[in-house]
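Enquirer: With mature numbering (1 follows the signal peptide of the UniProt record, and there is no 0) as the guide, the letters of the sequence shown map in order to residues -18 to -1, 1 to 655. Backbone N, C-alpha and C define an ideal beta-carbon position, used for all residues, glycine too. Just so you know, these numbers come straight off a predicted model, no measurement behind them. Take a look at this one; I'll ask things after.
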Amino acid sequence: MLAVLLPNLFLFPSAARAATPTLDLAVELDPATRRLAVQADLSPAARDYRFELHEALEVTAATAGGKPVAVRPAGRHGFIRTWQVALPPAAERLHLEYAGTLPALDRTLDHRDVVQGLSPVASAEGSFLPSGGGWYPRPAALFAYNVTLTVPGNQRALVAGRLKSEELPGDGSDRYRARFEFAQPADGIDLMAGPWVVREKMMPRASTEPVRLRTYFFPDLDAIPGLAEGYLDDSQRYLERYGKEIGTYPFTEFSVVASPLPTGFGMPTLTYLGADVLKLPFIRATSLGHEVLHNWWGNGVYVDFAQGNWSEGLTTFMADYAYKESESAEAAGAMRLGWLRDFAAVPAGDHQSLADFRSRTHGAAAAVGYGKAAMLFVMLRDMIGAEAFRSGIRAFWQSQKFRTASWSDLQAAFERASGRSLEAFFKQWINRAGGPAVRITAADVRHTAGGARLTLAVEQNAPAYALHLPVQLVFPDRAEMRWIDVDKARQAVTLDVAAMPTGVRLDPELQVWRLLGQEQLPPILRQWVIARNPYLAQASAAADVREASVALAQRLFEVSPHAIAPGEITKGSGPVLLAGLHADVDAALERAGLPPRPERLAGRGSAQVWTVAVPAGPPVAVVSARDAESLRALLRPLPHYGAQSWLVFEGARLVERGVWPAPAPLIPVRGAP
């Protein structure tokens, strides 16, 4: 499954209420030679104007009010150079011309490389000029723009916005030209080009103009029967769904654009997804809806990153999680369990608050920015009720669209909708890192005149959270769910019950963000992905197997692992990865006194992966393969399955996966018959 689907990582928070500058760009791009030439006009421009360009681009002309002006270097960071220009007092419009040869597309980049910051890249296979890559002079505030794109006739190109005109090759021209307009306040421009086949469908709307739906697919992708049509139909379905839930879709276009890189980006009016990902059958049922929804959250209401990125959590809640809720209660519960297990795999020193989350650049950040943030909305809906929650969502959209909004703005919308203060709720979940470790330490029951009274002793870490907790009461013939409120480190809570329960379970459906007890935490691969101090043990001696094992460990871990001997796998100070061929792995496990290969995995696929909890040592993950080629086949897929405890692969194809079971413990009730 695609590991990451992000909105524009380079959004530039700024107040949208000031006068909106306009940027006009005339762009010529030749992907084959990687040559980029741009004419840019900005108005109004500040008297002392600073802008950034990629180091490959040189300014060839600059005028203001029709007169040449000097452009001076003003520093650099990474591949970005900063320039400064002073405008004459009467001039408000700045004209710039610049050009250069862009870096080449690197097809070896994986998703981590892409999301951690990408330079503009060009190639006949596909070009991507990201918003933060310095390919245009970005204004210092939200801005409107008009972009005219010219590329060779065998290419197509687009930016986010309304397609105003399009000229196909012909009538003596061997070029493709398209003009786009983005009239709303925008925070960046991403440019994409490629040798695409374009398909189109118009989506009618009763009260406003139709939406132009498009796919920009590479020829081999477009040739897959029904694929483009399916993406067009499902895009319409999601747009109609969220239009009803939130408010009218704010744009006139939506496109699904194939990328040569393993990307997953959502920009206004489009999503840019890796071509290999677009082929996967489940993407249309999951990730596509997530990306469509980002046109409301992140690209329709902008994120005030200074106060934390709320859009990923809200989008995960209203898309990924909502689809699971529609599927079944069990599927939704499994997703909540996945969030909490991911969080439990994060070392305490890597915990961050939601106020500090900006983007998903590594696994620890993702556990907070996606999982914790989505769970916040689960808890909020449980607290204020579904109807007030829906009203708050719609009110937030109506008041904040095309503005920069923060967690505080969300809080205000839900307070108005629910008629209650949510200050304490948002303060603890947004500003505090980590989560409560809460448990029921004792449960006692005694008879009363009307039935029975149950007393629960509840403990949590200090300083205490204010928690609205579900508790399952277990009777001999049934179970009943009740809710309790606690706000102290140690607290006794009493419940009147009609009959005598025999046991209780705290939050058995995992509806509250918290640190799970060890009994609910079978090891998952996320613990290895984000480990601060990982180890690699080689079970096999063959050179090609050892080389493949090292390459796999480098892809799986975010930190380079230390090498240890197979006989030391229970002695490391951090999670250990044991890798090798089947027979060698079995022998190493036996020598270390660890459990053998699980029966459910034995003899299946070309490679098997599973985790082992070691009572007196670090957890061990095992990658066992038929041969070196089977190990190398895991290089791309394996890092995407951090939420799993075991996997079976046939080549690079996942055959089966799962998490070792760990149900909530039953606390016996004292005094019950």
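Spatial neighbours of R266 within its chain, please: C-beta separation below 8 Å, excluding the five flanking residues on both sides.
Expert: Taken in chain order, the residues that qualify are G212, Y213, D216.
Enquirer: How about D204 and A210: are their beta carbons less than 7 Å apart?
Expert: Yes, these two residues count as a Cβ contact at 7 Å.
Enquirer: Can you say whether L150 is buried or exposed, counting buried as having 16 or more other CB atoms within 10 angstroms of its CB?
Expert: The residue in question, L150, is exposed, as its Cβ has fewer than 16 Cβ neighbours within 10 Å.
Enquirer: Using a 10 Å radius around the Cβ and a threshold of 16 neighbouring Cβ atoms, would you call I206 buried or exposed?
Expert: Per the 10 Å Cβ criterion, exposed.
Enquirer: Once the 5 residues before and after R496 are set aside, which same chain residues still bring their CB inside 6 Å of it?
Expert: Hits under 6 Å: G417, P418, V420.
Enquirer: For a test of the three-state rule: what should DSSP assign to D202, helix, strand or coil?
Expert: Helix, per DSSP.
Enquirer: With DSSP as the reference, label S612 as helix, strand or coil.
Expert: In this structure, S612 counts as helix in the three-state DSSP scheme.
Enquirer: Buried or exposed: which applies to S310, given that a residue is buried once 16 or more other Cβ atoms fall within 10 Å of its Cβ?
Expert: With fewer than 16 other Cβ atoms within 10 Å, it is exposed.
Enquirer: Which runs of the alpha helix (DSSP H) at least 4 residues long sit entirely within the region 114 to 186? Give them in chain order.
Expert: Qualifying alpha helix (DSSP H) stretches: none in this window.
Enquirer: Tell me whether R652 is buried or exposed, calling it buried when 16 or more other Cβ atoms sit within 10 Å of its Cβ.
Expert: R652 is exposed by the Cβ-count criterion.
Enquirer: Hey, R63 and L35: beta-carbon distance below 7 Å or not?
Expert: Result yes, Cβ atoms of R63 and L35 sit closer than 7 Å.
Enquirer: Please name the residue, chosen from P250, G640, V591, A598, that lies closest to G633 on a Cα-to-Cα basis.
Expert: Cα-wise, what sits closest to G633 is V591.
Enquirer: Can you look up F339 in the DSSP assignment and give me helix, strand or coil?
Expert: Correct three-state label for F339: coil.
Enquirer: Per DSSP, R464 forms a beta bridge with which residues?
Expert: Answer by DSSP bridge pairing, in chain order: V453.
Enquirer: Measure the C-alpha to C-alpha separation of residue 686 and P445 and round it to an integer number of angstroms.
Expert: With the chain covering -18 to 655 only, the question about residue 686 has no answer from this structure.
Enquirer: Helix or strand or just coil, what does DSSP make of V651?
Expert: Residue state, collapsed to three classes: coil.
Enquirer: Give the straight-line distance between the Cα atoms of V97 and T245, rounded to the nearest whole angstrom.
Expert: A caution first: V97 carries a pLDDT of 49, below 50, which makes its placement in the model unreliable, though a value can still be read off. Whole-angstrom Cα-Cα distance: 8 Å.
Enquirer: Short check: CB of L5 to CB of F200, under 7 Å?
Expert: Contact flag unset, no.
Enquirer: List the residues that DSSP assigns as beta-bridge partners of V558.
Expert: In DSSP, V558 forms a bridge with Y517, V602.
Enquirer: Note down the Cα distance separating A288 from Q393, rounded to an integer number of angstroms.
Expert: C-alpha separation (whole angstroms): 16 Å.
Enquirer: Just the C-alpha distance for M361 and G587, rounded to the nearest angstrom, thanks.
Expert: Approximately 40 Å between the Cα atoms of the pair.
Enquirer: Could you please give the first and the last residue of the uninterrupted alpha helix (DSSP H) stretch that includes G485?
Expert: Not the alpha helix (DSSP H): G485 falls in the beta strand (DSSP E), residues 485 to 488.
Enquirer: Relative to the C-alpha of L131, which residue among R120, A471, M174, A646 is closest?
Expert: If we check each option's Cα against that of L131, M174 comes out closest.
Enquirer: Ends of the beta strand (DSSP E) at D30?
Expert: 30 to 36 is the span of the beta strand (DSSP E), which, as asked, contains D30.
Enquirer: F339 to L498, Cα distance in whole Å?
Expert: Taking the straight line joining both Cα atoms gives about 22 Å.
Enquirer: What does S25 pair with, by DSSP beta-bridge criteria?
Expert: BP columns for S25 point to T4.
Enquirer: What do you reckon, are the CB atoms on S241 and Y220 nearer than 7 Å?
Expert: No, these two residues do not count as a Cβ contact at 7 Å.
Enquirer: What three-state label does DSSP hand T298 in the structure shown?
Expert: Here T298 sits in helix by DSSP.
Enquirer: My output table needs one value for V97: the three-state DSSP class, helix, strand or coil.
Expert: Unreliable placement is indicated for V97, whose pLDDT of 49 sits below 50; the coordinate value is still reported in the next sentence. Correct three-state label for V97: helix.
Enquirer: Rounded to whole angstroms, what is the Cα-Cα separation between G256 and L648?
Expert: Taking the straight line from one Cα to the other gives about 45 Å.
Enquirer: Ignore the nearest five residues each way along the sequence and tell me which others in D467's own chain have a CB closer than 6 Å to its CB.
Expert: Around D467: H450.
Enquirer: Closer than 7 Å by C-beta to R635: which residues in its own chain qualify, once you throw out the five before and the five after it? Chain order, please.
Expert: Here the set comprises nothing.
Enquirer: Identify which residue in E441, D469, P483 has its Cα closest to the Cα of R460.
Expert: The shortest C-alpha separation from R460 is found at P483.
Enquirer: Report the three-state DSSP secondary structure of L(-14) (helix, strand or coil).
Expert: Only weak support is given to the placement of L(-14): the predicted model assigns it a pLDDT of 35, under 50, and the question is left unresolved by the model.
Enquirer: Could you give the DSSP three-state label for G82: helix, strand or coil?
Expert: Strand.
Enquirer: Are the Cβ atoms of L100 and P119 separated by less than 7 Å?
Expert: Cβ atoms of L100 and P119: not closer than 7 Å.
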